[in-house]
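Report on one structure; see the data block that follows.
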Amino acid sequence: MFEEAQYFAPVAANEDGSVTVELAKSHPGFADPVYRARRNAIAGLAVGYTRGEPIPHAEYSDEEHEVWSLVTRELAAKHRKYAISEFLDAAEALGLPKDRIPQLEEVSELLKPLTGFRYIPAAGLVPLREFYSVLADSFFHSTQYIRHHSVPFYTPEPDVIHEVIGHGNTLASERFAALYRLAGQAARRVETAEALEFVSKVFWFTLEFGVMREGRELKAYGAGILSSYGEIEEFRGMDIRPLDVTAMGTTVYDITKYQDVLFEAASFDHLEDVVGQFWASCDDEMIAKLRTTA
Ligand SMILES: [Fe+2]
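The opening residue of the sequence shown carries number 0 in numbering that gives the first Met the number 0; numbering runs sequentially from there.
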């Protein structure tokens with residue numbers, strides 16, 4: 000199965016209607032009963048959610064708001080150095096709160112006049128087809144919990160910092176939003192599991208971990224890099240390869256460590272020409288052919 004399955008803590012529904020998030024022993028919040036109770040309650044909000052309703056309010060502690068505020072401040076400084084200008088402009092237009100964790104409903108409201116993207120709360124892993132296909136309708140599945148306050152610059156799973164600072168800021172750009180929608184249309188068009196995985200890997204190496212030449216500098220635009228305090232300092236030293244759909248769709252990656260193979264777009268136009276065009280036109284047959292040439 001696709002590696003992403005190991006990325007999220009499993010969520011179990013109990014007979015009494017409650018929800019339990021099974022954190023691994025190595026998770027920083029494993030031995031913190033207060034954090035675990037909050038994780039269970041937050042996951043429960045997503046399990047009971049029906050699309051179209053306002054997203055339920057998640058309770059966060061003061062310590063958690065402080066984590067957001069600290070990471071926001073540190074990442075913003077790094078973004079000025081390492082993020083592409085399209086991202087910086089979009090972040091400015093979105094105007095996320097700096098001193099507290101925003102509710103997902105609030106982020107949807109901020110996105111509404113910009114690109115119309117809306118958040119859907121997710122308890123944990125969302126099946127690939129569901130996650131990608133609703134992008135076509137401008138919906139984005141997002142976790143709502145935040146990392147454990149003892150290690151503000153580390154998270155073993157995608158948390159609200161990744162989903163909102165990484166993805167939310169990009170979803171505020173019309174050019175990025177169009178690419179997300181095209182990825183969704185591609186996921187909806189293809190039928191085989193192999194083709195869907197190929198589409199999702201191209202997403203991984205671009206909208207999650209993409210880098211782009213801007214003038215003489217290599218910058219980042221992928222939400223995974225832009226939300227990672229450590230990775231954002233390291234990406235320029237990785238194995239940087241030219242943007243190539245076949246290579247991205249077939250390269251194996253390990254989600255548990257920093258991405259050491261990255262693909263570089265020469266410009267935003269280049270990204271749209273190569274990856275946007277691919278998602279706009281791909282089908283099972285085309286992808287099957289690309290896979291045999293890899
Ligand atoms: Fe992500």
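Even for Gly, the Cβ is constructed at its ideal location relative to N, Cα and C.
Bridge partner(s) assigned by DSSP for residue i
i, result
"Val10", "Val20"
"Leu69", "Partner(s): none; Leu69 has no beta bridge."
"His140", "Ile119"
"Asp31", "In DSSP, Asp31 forms no bridge with anything."
"Arg37", "Answer by DSSP bridge pairing: none, since Arg37 is not bridged."
"Asp238", "Val260"
"Val210", "Ala219, Glu263"
"Arg50", "Glu52"
"Ala82", "Ala219"
Cβ-based burial, residue i [other Cβ within 10 Å; buried from 16]
i, result
"Pro344", "In the structure as shown, the chain begins at 0 and stops at 293. Residue 344 is therefore absent and cannot be evaluated."
"His305", "There is no way to answer for residue 305, as the model of the chain reaches only from 0 to 293."
"Ala186", "buried"
"Thr49", "exposed"
"Gln276", "exposed"
"Arg37", "buried"
"Gly165", "buried"
"Ser227", "buried"
"Arg79", "exposed"
"Glu2", "Bear in mind that the predicted position of Glu2 carries a pLDDT of just 41, short of 50, making it too unreliable to give a figure here."
"Tyr118", "buried"
"Val33", "exposed"
"Ser107", "buried"
"Ala287", "exposed"
"Ala30", "exposed"
"Ala12", "exposed"
Beta-carbon gap between residue i and residue j smaller than 7 Å
i, j, result
"Val46", "Ala122", "yes"
"Ala219", "Val210", "yes"
"Ala8", "Glu156", "yes"
"Val198", "Asp283", "no"
"Ser141", "Leu103", "yes"
"Arg99", "His64", "yes"
"Ala171", "Leu93", "yes"
"Ala192", "Thr245", "no"
"Ser137", "Gly167", "no"
"Glu232", "Tyr257", "no"
"Val125", "Ile145", "no"
"Leu294", "Leu195", "Residue 294 lies beyond the range of the chain shown here (0 to 293); nothing can be said about it."
Nearest-angstrom beta carbon gap, residue j and residue i [assumed within contact, 8 Å]
i, j, result
"Met247", "Phe262", "6 Å"
"Leu44", "Gln143", "7 Å"
"Leu181", "Trp67", "So it is not a contact: roughly 31 Å between Cβ atoms."
"Lys200", "Thr255", "In fact, because the Cβ distance is near 16 Å, the residues do not count as touching under 8 Å."
"Ser84", "Glu213", "7 Å"
"Val260", "Met237", "7 Å"
Would you call the stretch 121 to 137 and the stretch 62 to 80 touching, i.e. three or more CB-CB distances under 8 Å?
no
Count the C-beta pairs between the stretch 85 to 95 and the stretch 9 to 28 that are closer than 8 Å, then say yes if the count reaches three, no if not.
no
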